[in-house]
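So the structure is just underneath, and the comments pick up after that.
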């Protein structure tokens, strides 16, 4: 099962809240997630000057370690939050990042070609 970390939209129009979830990537946007990883409310409350994100860093790192792929928006949020390195291959349009390179702490898998008998 391919897992993706992405945002699910909740709330009424003009007052959206986004849940950061781990979900099977073949399911629709608001499908039931495997796990809720965080909540992002882009609206500023009166008297606040910054937007806040509440998330479980430990669980996000776990899902990244087991191979979950973040969406472009979530990858940028993770980079701003310091969870992903600035030149990580998971970030969109990262110059110099090798998309085929394994993630840090990920086991390397080597594929060997088998000669075919003809």
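Numbering (this note's numbering), first residue to last: 1 to 118.
All residues carry an ideal CB built from backbone N, CA and C; glycine is no exception.
Being a predicted model, the structure only gives us computed values, none of them experimental.
Residue 24 and residue 88 have their alpha carbons spaced roughly 23 Å apart. The residue from 6, 1, 63 with its alpha-carbon nearest to that of residue 72 is 6.
The region 10 to 60 contains, as complete beta strand (DSSP E) runs of 3+ residues, the segments 17 to 24, 35 to 41, 52 to 55 (chain order). CA-to-CA, the gap between residue 27 and residue 41 works out to about 23 Å. Within the model, the alpha-carbon separation for residue 11 versus residue 17 is close to 6 Å.
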